[in-house]
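Undergrad:
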Amino acid sequence: MQFAYNDKTYDVVIEKKRSNRNTYIRVKKDLKIHVTTNFFTSNRSVENLIRENYARICDMIDIQEVKARNNNGFFYLGKQYTIVYCDSKHVEFVDDKIFVPQDFDVDTWYKKQAKELFLERLNYNYEKYSRSIPYPKLRIRKMTSRWGVCNIRTHVITLNLELIKRDICYLDYVIVHEMTHLVYGDHSNSFWKLVGENMPEYKKYRDEMKEFEC
Ligand SMILES: [Zn+2]
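Residues in the sequence shown are numbered consecutively from 126, following the working numbering.
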């Protein structure tokens, strides 16, 4: 038996046990719908039950899909953590684990952290920048091919949300890189000289971040 939802099909696993008095429907970590019931329940009544509980099962699938996505490598500031769901309202780091509420959404959380941290690092790098440049406006977005973008006309620097997953020094490099575009629009020798003036070890980051542009 299968369950269709959102262009996907989910297997229904029926477990019949003598000791089960009631019927329970759960969506487990394996993204299958587990129905536990007793020996005397027919498959047809399980089908009916699933039909009657369609909306509730879809909700349960949504929750498990988010959890599966979240655990697909959770990185924060260069370290990997295992997500542990618990009944607390707060997010807490303990060693290599992050304890989170049941409704934890990783992207919302990343955005919240990035908003604070990226601005703090922008200010830090701006204050010690070797030339006088206009104070940039900061935007944060999820981007698929760029670490950062600088609009030289509007002075808006857009940083890729993905930077929250990496060590802070990579974020600093992208900020210095984009701020340098406020002086040189291209990647000329003068551009790199000025980047180096503000971040002598920049080549290491430039080489390690080649998968995206900036
Ligand atoms: Zn650039």
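By construction, the Cβ of each residue, glycine as well, lies at the ideal position given by its N, Cα and C atoms.
Given 7 Å as the limit, tell me if H312 has its C-beta closer than that to any heavy atom belonging to ligand 1.
TA: Yes; taking the cut-off as 7 Å, the Cβ of H312 has a heavy atom of ligand 1 nearer than that.
Undergrad: How many Å lie between N323 and S255 at the Cα?
TA: Computed Cα separation, rounded: 6 Å.
Undergrad: Which residues in the same chain as Y330 place their Cβ atom closer than 7 Å to its Cβ, once the five residues preceding and following it in sequence are excluded?
TA: Cβ neighbours of Y330 beyond the five flanking positions: C294, Y295, Y298.
Undergrad: Is the number of C-beta pairs between the stretch 263-281 and the stretch 233-243 that are closer than 8 Å three or more?
TA: The answer is yes - the stretch 233-243 touches the stretch 263-281, with three or more Cβ pairs under 8 Å.
Undergrad: To the nearest angstrom, how far is it from the Cα of V209 to the Cα of F200?
TA: C-alpha separation (whole angstroms): 14 Å.
Undergrad: Can you tell me the Cα-Cα spacing of K240 and L286, whole angstroms?
TA: Distance between the alpha carbons of K240 and L286: 9 Å.
Undergrad: Measuring alpha carbon to alpha carbon, tell me which of V219, V301, T166 ends up nearest R143.
TA: The candidate whose alpha carbon is nearest that of R143 is T166.
Undergrad: Determine the DSSP secondary structure at L307, reduced to helix, strand or coil.
TA: Residue state, collapsed to three classes: coil.
Undergrad: With 16 as the cutoff for other CB atoms within 10 Å, does V225 come out buried or exposed?
TA: When all chains shown are included, V225 counts as buried.
Undergrad: Quick check on the burial criterion: 16 or more other C-beta atoms within 10 angstroms. Buried or exposed for Y249?
TA: Its Cβ having fewer than 16 others within 10 Å, Y249 is exposed.
Undergrad: Would the beta-carbon of H215 be found less than 7 Å away from any heavy atom of ligand 1?
TA: False, no ligand heavy atom lies under 7 Å from that Cβ.
Undergrad: If we count the other Cβ atoms within 10 Å of its Cβ and call it buried at 16 or more, is E303 buried or exposed?
TA: That one is buried.
Undergrad: Which value, in whole angstroms, describes the spacing of the CA atoms of A193 and K318?
TA: Looking at the two C-alpha atoms, the distance is approximately 45 Å.
Undergrad: Would you give the residue range spanned by the alpha helix (DSSP H) that E217 belongs to?
TA: Not the alpha helix (DSSP H): E217 falls in the beta strand (DSSP E), residues 217-219.
Undergrad: Spell out the partners DSSP gives I223 in its beta bridges.
TA: Beta-bridge pairing links I223 to I208, F218.
Undergrad: CB-CB under 8 Å to K204, same chain, minus the five flanking residues each way: which ones, in chain order?
TA: These residues qualify, in order along the chain: D221.
Undergrad: Just checking H306 against ligand 1 - is the residue's beta carbon closer than 7 Å to any of the ligand's heavy atoms?
TA: Flag set: Cβ of H306 near ligand 1.
Undergrad: Would I186 and Y149 be called neighbours here (beta carbons separated by less than 8 Å)?
TA: In this structure, Y149 does not lie closer than 8 Å to I186 by Cβ.
Undergrad: Apart from the five residues on each side of it in sequence, which residues of its chain come closer than 6 Å, Cβ to Cβ, to V274?
TA: If we look at V274 and ignore the five residues flanking it on each side, its Cβ neighbours are T283.
Undergrad: Any idea what DSSP makes of Y260, helix, strand or coil?
TA: Coil at Y260, not helix or strand.
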